[in-house]
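Going by the working numbering, the first residue of the sequence shown is number 328, and it counts up by one from there. Virtual Cβ for every residue (Gly too), placed ideally from N, Cα, C. Bear in mind the structure is a predicted one, so any value in this text is a computation, not a measurement.
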Amino acid sequence: MKRISAQGLRDLAQAAAASPRLRMNQNLHNDLTDPIQRLAIAMEPGTYIRPHRHENTWELLTALKGRFVVLTFDDVGVVTHRAVLGDSESVIETPKQCWHAVLSLDEGGVIFEVKHGPYAPFEDKDFAPWSPKAEDPKAVELMQWYRSAQPGQRWAA
Numbered sequence: 328m329k330r331i332s333a334q335g336l337r338d339l340a341q342a343a344a345a346s347p348r349l350r351m352n353q354n355l356h357n358d359l360t361d362p363i364q365r366l367a368i369a370m371e372p373g374t375y376i377r378p379h380r381h382e383n384t385w386e387l388l389t390a391l392k393g394r395f396v397v398l399t400f401d402d403v404g405v406v407t408h409r410a411v412l413g414d415s416e417s418v419i420e421t422p423k424q425c426w427h428a429v430l431s432l433d434e435g436g437v438i439f440e441v442k443h444g445p446y447a448p449f450e451d452k453d454f455a456p457w458s459p460k461a462e463d464p465k466a467v468e469l470m471q472w473y474r475s476a477q478p479g480q481r482w483a484a
């Protein structure tokens with residue numbers, strides 16, 4: 328039986344807070360070739376999850392600790408859906424090829440993700456072309472916008 332204890336969640340959150348990217352994951356799947364990827368991801372509020380999509384898989388998310396804004400977008404960056412995991416929603420599944428982004432609202436937040444494997448690193452084509460790269464100072468502005476973005480709105484760089 329695989330487990331993640333309450334102490335394990337706290338330890339994962341501490342590791343994320345100490346990480347340069349402000350996130351850390353603990354996999355439940357045995358290796359990166361597993362056909363179903365299952366992982367807990369600790370995310371601090373300052374970590375940037377660039378809008379992206381998965382070409383060949385849906386993605387299921389649930390909050391284990393804390394709250395997370397989850398946004399989906401159309402091809403030009405208009406918000407199509409907004410939810411707050413750990414608050415108004417318990418589980419969200421984004422369909423394959425759907426642009427989406429996540430923002431941690433709370434320190435020590437941990438989200439659980441399930442999607443089809445095997446693991447495939449992101450390529451440029453997987454990121455929304457209208458979104459800034461992580462090293463772009465506008466990424467911080469985009470994250471701030473995530474907090475209040477509503478369906479029908481589009482981020483203006």
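Residue burial classification, residue i (beta-carbon count within 10 angstroms, cutoff 16)
i	result
alanine 367	buried
phenylalanine 395	buried
glutamate 386	buried
lysine 460	exposed
lysine 423	exposed
lysine 442	buried
serine 431	buried
alanine 340	buried
Nearest-angstrom Cα separation, counted from residue j out to residue i
i	j	result
alanine 428	methionine 328	31 angstroms
aspartate 498	glutamate 420	As displayed, the chain neither begins before 328 nor continues past 484, which places residue 498 out of reach and without an answer.
valine 411	isoleucine 438	12 angstroms
glutamine 480	aspartate 361	37 angstroms
proline 372	valine 418	20 angstroms
Among the options, the one whose alpha carbon lies nearest that of residue i
i	options	result
arginine 350	Thr360, Leu336, Thr399, Trp457	Leu336
alanine 390	Phe400, Thr384, Met370	Met370
alanine 333	Ala483, His379, Trp482, Gly436	Gly436
In DSSP terms, what residue i is bridged to
i	result
tryptophan 426	Phe400
glutamine 353	Ala367
Close Cβ partners of residue i (< 6 angstroms) along its chain, the five nearest in sequence each way excluded
i	result
alanine 484	Lys465
phenylalanine 454	Arg377, His379
Residues of its chain near residue i, where Cβ-Cβ distance is below 7 angstroms and the 5 sequence neighbours each way are ignored
i	result
glutamine 477	Val406, Arg409
Proximity test, residue i beta-carbon vs the ligand NAD heavy atom, cut-off 6 angstroms
i	result
alanine 410	The ligand NAD is absent from the structure shown, which contains no ligands of any kind.
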